[in-house]
Amino acid sequence: MSSRSLSWGRKDLICIEDLDRSEVETIFEVAKSFKQTMERSVKKLPSLRGRTVVNLFMEPSTRTRIAFEIAAKRLSADVISMVGQASSLTKGETLKDTARNIEALRADLIILRHPASGAPRYLMDLVGIPVINAGDGAHAHPTQALLDAYTLVERFGSLKGKRITILGDILFSRVARSNIWCLTKLGAEVTVAGPATLVPPEFGRMGVSVSHNLKEALTDADAVMLLRIQHERQTSTHFPSLGEYTSMFGLNKERASWLKQDAIIMHPGPINRGVEIDSELADSPRSVILDQVTNGIAIRMAVLYLCASANNKSESDLLA
Ligand code: CP
């Protein structure tokens, strides 16, 4: 491990747009070191010993919440997880007061998932401690995009010129937005695909191709990233029925055969088997869905480590 400084100076992670390419690469470099420690029999590192991390989740979550909790514990932080229904937010307390009280309780870092786009940035301006966005409305899910891109880099090395298709409910997806920012920063050629009602042409302004023709979008792609239909964020019906969506845009064996031979199938989860993806394909050797979940720990360890120690860390400190 070298002692060169890591390219990182921020205490918060709100969205991928804020990061430059070298910061994304720093996260990957640190995540790679942390991932190696996950193979040891003793997986714990002392990096955040004595720090307290509050996991504040105002929306349901399985993967993100557990991965952040495991990541913080692997770094020896004390972790307090709180869901919205169990907090005083249900008694009328504002998010601002909740956050300021968490800071007054001397927590060292807040991880926030919230249904309102912009909530993590709002908190960032209110408290002095680091705020990490764990998904806000349809805006951003930066650690998901980082773990997705990291999984692709592990498989392909450089993403320059790699063809990645994101298929499904793009309009309401924070995962799609964050992935578009992240993958294009790393040089990938991204196509967003799905029904015209869920994939408006405006996404073209983000530097991606927009397609409503599934065959065109999948043919010769290096990876397809499937997205769930997000009923909870839709305000009206965007297609006649789930059955119709599956028959037009669901990934099945025949459609998967249009991809490149060594292409991989991705999904941020939760998956709806038999809707956006055939159950067999989700469990097939081409699927890296569970690798994405595992990489979520290393990426979140890296993000926690970097944001909690902003400014003055070198690579040699990582495993100390
Ligand atoms: N991918 C993702 O954010 O999953 P959870 O909602 O379970 O955290």
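Just remember that the working numbering sits 891 ahead of the position in the sequence shown, which is counted from 1.
Built from N, CA and C at the ideal position, the CB exists for glycine as well.
query: Mapping the DSSP letters down to three states, classify A1199 as helix, strand or coil.; result: helix
query: Compute the Euclidean distance between the alpha carbons of L904 and F1130, then round it to the nearest angstrom.; result: 34 Å
query: Would you report the Cα separation of S1148 and M1139, rounded to the nearest angstrom?; result: 16 Å
query: Any idea what DSSP makes of L1117, helix, strand or coil?; result: strand
query: With a CB to CB cut of under 6 Å and the five nearest residues on each side skipped, what residues in its chain are close to L1062?; result: L1089
query: Are the stretch 1006-1022 and the stretch 962-969 touching by the rule of at least three beta carbon pairs closer than 8 Å?; result: no
query: Quick check: the stretch 1036-1048 against the stretch 980-997, are at least 3 beta-carbon pairs closer than 8 Å?; result: no
query: Return helix, strand or coil for M949, following the three-state DSSP convention.; result: coil
query: Can you list the residues near ligand 2, meaning Cβ strictly closer than 7 Å to any non-hydrogen atom, in the order they appear in the chain?; result: Ligands present in the displayed structure are limited to ligand 1, and ligand 2 is not among them.
query: Shorter than 8 Å from the beta carbon of K902 to some beta carbon of chain B?; result: In the structure shown, chain B cannot be found, because there is only a single protein chain.
query: Once the 5 residues before and after T1042 are set aside, which same chain residues still bring their CB inside 6 Å of it?; result: V1179, D1182, Q1183 and N1186
query: Less than 7 Å between C-beta atoms, sequence neighbours within five positions excluded: which residues of the same chain meet that for I961?; result: I1188
query: Measuring alpha carbon to alpha carbon, tell me which of I1057, F1094, L1195 and G1095 ends up nearest L1105.; result: I1057
query: Just list the residues that DSSP pairs A1084 with in beta bridges.; result: L1058 and S1102
query: Indicate the three-state DSSP secondary structure (helix, strand or coil) for T985 in the structure shown.; result: coil
query: Taking the Cβ atom as the reference point for each residue, do R1191 and T1034 lie within a distance shorter than 8 Å?; result: yes
query: Run through DSSP, which three-state label would A990 get?; result: helix
query: If you pair each beta-carbon of the stretch 993-1012 with each one of the stretch 938-949, do three or more pairs fall below 8 Å?; result: yes
query: Using three-state DSSP, classify D1027 as helix, strand or coil.; result: strand
query: Could you give the first and the last residue of the continuous beta strand (DSSP E) run that contains R954?; result: Note, R954: premise wrong, no beta strand (DSSP E); alpha helix (DSSP H) at R954 to R965.
query: What does DSSP give as the partner residue(s) for M1157 in the beta ladder?; result: M1116
query: To which residues does DSSP link T943 through a beta bridge?; result: D969
query: How would you call P1159, buried or exposed, if buried means at least 16 neighbouring beta carbons within 10 angstroms?; result: buried
query: Quick one: what does DSSP say L1017 is sitting in, helix, strand or coil?; result: coil
query: What are the boundary residues of the alpha helix (DSSP H) that R1146 is part of?; result: K1144 to A1147
query: Span of the alpha helix (DSSP H) holding I1001?; result: Not the alpha helix (DSSP H): I1001 falls in the beta strand (DSSP E), residues L1000 to H1005.
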